[in-house]
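Protein chains: 2
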Amino acid sequence: MASTDHGGGEEVIRNKQVFLNDYVSGFPEESNLYLTTSSIKLKVPEDQSGKDAVLLKNLYLSCDPFMRGRMQRDLPPDRPELSSYSLGSPIVGFGVGRVVDSRHSDFKKGDLVWGSTIGWEEYSLIPNPEDLFKINHTDDIPLSYYTGILGMPGMTAYFCFFDIGSPKEGDRVYVSAASGAIGQLVGQFAKLIGCYVVGSAGSKEKVELLKTKFGYDDAFNYKEEHDLDAALKRCFPEGIDIYFDNVGGKMLDAVLVNMRLHGRIAVCGMISQYNLEQPESVQNLSAVFYKQIRMEGFAVYEHYHRYSKFLDFVLPCIKEGKIVYVEDITEGLESGPAALVGLFSGRNVGKQVVKVAQE
Amino acid sequence: MASTDHGGGEEVIRNKQVFLNDYVSGFPEESNLYLTTSSIKLKVPEDQSGKDAVLLKNLYLSCDPFMRGRMQRDLPPDRPELSSYSLGSPIVGFGVGRVVDSRHSDFKKGDLVWGSTIGWEEYSLIPNPEDLFKINHTDDIPLSYYTGILGMPGMTAYFCFFDIGSPKEGDRVYVSAASGAIGQLVGQFAKLIGCYVVGSAGSKEKVELLKTKFGYDDAFNYKEEHDLDAALKRCFPEGIDIYFDNVGGKMLDAVLVNMRLHGRIAVCGMISQYNLEQPESVQNLSAVFYKQIRMEGFAVYEHYHRYSKFLDFVLPCIKEGKIVYVEDITEGLESGPAALVGLFSGRNVGKQVVKVAQE
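Just so you know, the sequences run in chain order U and E.
Its first residue numbered 1, the first sequence is counted upward by one per residue in the UniProt record's numbering.
Its first residue numbered 1, the second sequence is counted upward by one per residue in the UniProt record's numbering.
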């Protein structure tokens with residue numbers, strides 16, 4: 001990587017970055033994103049603009065479905081972490097980085113961090129690093145896990161499933177997008193407490209993974225089922241207690257008919273709907289009334305303060321081999337755009353990560 | 001009323017009854033029901049068939065939307081209180097009666113009771129009176145209230161609103177079918193704890209009632225709003241915290257768009273859907289995810305064990321004039337069929353009751 005030293009240790013280096021071309025409607029394509037190169041000083045600015053900032057060397061970037069939302073024009077500004085991307089800056093998401101310079105008292109050079117405000121670039125200046133999590137556990141644990149099982153998707157799976165699903169032994173649990181970053185964990189959490197768990201995914205390979213790797217009791221390829229209601233009745237002849245919804249739309253509609261009395265629907269995502277101009281309609285919502293179903297949406301950012309509680313649970317599970325995690329790691333920022341848009345056609349197998357640099 | 005004494009005190013009396021002609025699809029009509037007259041001994045049978053039974057003289061019968069469900073053919077038998085009516089017996093619902101004879105140790109002649117298993121007839125033999133509630137409070141309280149504010153609709157309004165709605169002072173509450181048996185109470189409960197409350201109803205007269213009698217802060221006639229979303233935005237420029245849903249369908253769809261973050265939707269009924277062959281579809285369910293809405297269906301029969309707690313709250317409210325209740329009482333069993341089907345065109349103003357006999 002070319003670099004120039006301007007004297008005084010202020011090394012200037014090339015910084016590859018990924019920008020959004022224009023706002024997206026419908027399915028995103030690789031051509032909606034482009035790679036460019038700017039330059040960056042490997043030092044936090046010494047003037048007011050760098051006060052309390054840190055400079056990160058980015059190691060892993062996370063591809064997450066919610067990023068599709070931010071590619072849309074004119075999102076309401078009330079939640080900055082879900083607002084429209086600026087076309088004038090690299091896109092932003094979850095990632096893992098190493099501090100290369102810091103003017104913040106909580107961070108020092110060499111610290112490893114993860115967070116939600118990492119630019120899709122080789123180096124990021126983070127003006128408000130308070131939102132970053134410091135990484136304290138790295139023994140025998142891949143650093144990339146902090147974009148997945150030990151990061152946002154892990155917390156989402158854990159708190160959404162346990163808080164909203166209220167699972168207990170023997171419950172019949174259905175998970176859609178079940179081999180994804182979140183789904184693969186929900187299935188394993190459910191098995192840990194003795195639930196009967198069925199997952200759906202979009203390929204034969206993923207269905208095999210569900211049954212052989214993640215311990216799902218049963219699984220089906222939703223793309224090969226012309227009648228989702230029949231597929232669910234086959235897997236759940238006595239109905240579903242908990243539906244962990246990652247997809248929304250038609251699948252949710254079919255699930256509603258198959259819920260049991262007092263069933264819970266934990267709405268974690270609706271990936272099938274993100275790229276539609278008009279959302280799919282739901283016909284069977286009256287089941288909520290007839291079966292006293294509880295349905296609730298989940299936002300992980302409201303649970304970040306419980307991160308250490310989550311780690312206390314999940315780190316031992318990983319170390320004891322009780323929980324496994326499958327990642328789909330692509331190499332190099334150049335391959336990031338394809339990896340990101342691939343989420344929406346289900347190209348990834350497991351958690352999609354972009355490796356930007358060697359640890 | 002003609003009666004015959006066969007000696008031994010076994011008075012036989014004519015018993016007018018309301019039967020269902022045939023199972024209903026679509027909107028029920030008066031002609032779906034017919035009146036007939038049988039005869040009944042004014043004594044609980046002394047053989048095994050009368051063991052533990054009571055004989056009631058029915059005073060008030062309650063017209064409730066759920067009865068439309070029971071007019072349908074082939075309902076699943078898992079919940080007898082919601083199963084299809086038998087064409088060979090009078091229809092059954094909530095009502096108030098006086099015990100005229102009893103072979104059950106908990107009931108004696110003269111007791112007043114209310115319950116969910118009262119036939120639409122002048123006298124009912126109740127083989128399992130355990131499900132009846134004894135009426136202990138009658139001072140200055142109309143007996144008909146036990147079909148409404150002091151009965152099933154009262155408990156529904158109270159437990160559904162407080163349990164699922166989790167209201168607190170300042171919450172913005174929207175109630176549909178707001179002048180009905182349940183809605184009029186929800187609005188008043190919400191005002192008692194300092195909520196801002198808006199209701200909708202289907203006539204100018206009802207809208208006036210909401211504002212002048214029940215203390216709603218605002219109200220609108222949904223039949224005169226061509227754009228429900230606009231009506232809700234006008235009444236709730238900052239959105240809705242709690243929606244008490246009595247109607248489902250299009251209104252629910254419009255509400256979803258106008259819910260606030262962490263809003264609650266208490267699904268108490270879906271009267272707009274009961275008569276449709278195909279339920280109306282809902283487009284905006286993704287709001288549950290984006291706004292972390294909690295939506296839950298309610299069934300009052302699961303809360304009957306809390307009846308005395310409810311009475312402790314509501315009886316003083318009535319006596320102190322803090323809560324009022326508007327009933328629409330029609331006289332005579334003959335007028336029952338019209339009153340019952342009138343629910344579905346909104347003919348009633350307030351709780352629809354049929355007075356069968358003088359107290």
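Glycine is no exception: its CB is placed at the ideal position from the N, C-alpha and C atoms.
- Scanning the segment 49-88 of chain E for uninterrupted beta strand (DSSP E) segments of 3 residues or longer gives 54-62, listed from N- to C-terminal end.
- Interface residue (Cβ-Cβ distance to chain U less than 8 angstroms): K250 (chain E) is not classified as such.
- S84 (chain E) sits away from G350 (chain E), with the two beta carbons spaced by 8 angstroms or more.
- Against chain U, the CB of R347 (chain E) has no partner CB under 8 angstroms away; the residue lies outside that interface.
- Setting aside the 5 residues that flank it on each side, L112 (chain E) is surrounded in the same chain by R98, I135, each with a C-beta closer than 6 angstroms to its C-beta; the list follows chain order.
- Here the alpha carbons of A177 (chain U) and F161 (chain U) stand approximately 14 angstroms from one another.
- The beta carbon of D241 (chain E) lies closer than 6 angstroms to those of D171, R172, R260, G263 in the same chain, with the five residues before and after it left out.
- K351 (chain E) is bridged by DSSP to E:E327.
- Counting along the chain, A219 (chain E) sits inside the beta strand (DSSP E) bounded by residues 218-221.
- Check the Cα spacing between D328 (chain E) and each of E:I40, E:S62, E:G50, E:L33: the tightest is with E:S62.
- Between P45 (chain U) and the set U:K57, U:E81, U:S39, U:L125, the nearest pair of CA atoms involves U:L125.
- Sixteen is the threshold: when 16 or more other Cβ atoms of the shown chains lie within 10 Å of the Cβ of D101 (chain U), as they do, the residue is buried.
- Rounded to whole angstroms, the separation of the alpha carbons of P77 (chain E) and L256 (chain U) is 20 angstroms.
- Between the alpha carbons of E225 (chain U) and A219 (chain U) lies a distance of about 12 angstroms.
- Within the segment 289-301 of chain E, those residues whose Cβ lies closer than 8 angstroms to any Cβ of chain U are, in chain order, F289, Y290, K291, Q292, I293, R294, M295, E296, G297, F298, A299.
- In this structure, the alpha-carbon of E122 (chain E) lies about 27 angstroms from that of L75 (chain E).
- Taking a cut-off of 8 angstroms for Cβ pairs, the segment 87-95 of chain U and the segment 10-20 of chain U touch, as three or more such pairs fall below it.
- About 25 angstroms separates the beta carbons of G239 (chain E) and Q273 (chain E), which is beyond the 8 angstroms limit, so they are not a contact pair.
- Bridge pairing for M155 (chain E): absent [DSSP].
- Of E:L340, E:Y325, E:P279, the smallest CA-CA separation from F214 (chain E) is found for E:Y325.
- With at least 16 other beta carbons inside 10 angstroms of its own, E296 (chain U) counts as buried.
- Closest in alpha carbon position to K168 (chain U), among U:L192, U:L185, U:L150, is U:L192.
- By the Cβ neighbour-count rule, Q184 (chain E) is buried, with 16 or more other Cβ atoms within 10 Å of its own.
- In this structure, the alpha-carbon of Q358 (chain U) lies about 57 angstroms from that of C268 (chain E).
- Residue E:L252 holds the alpha-carbon nearest to the alpha-carbon of N284 (chain E) among E:A299, E:F313, E:L252.
- Here L82 (chain U) has F66, G69, R70, L75 as same chain residues with Cβ atoms under 8 angstroms from its own Cβ, once five neighbours each way along the sequence are excluded.
- When 7 angstroms is used as the limit between beta carbons, M270 (chain U) is near these residues of chain E: S286, F289, in chain order.
- In this structure V96 (chain E) is in contact with Y146 (chain E), their Cβ atoms being roughly 5 angstroms apart against a cut-off of 8 angstroms.
- In this structure, DSSP gives N15 (chain E) an extended state, which the three-state scheme calls strand.
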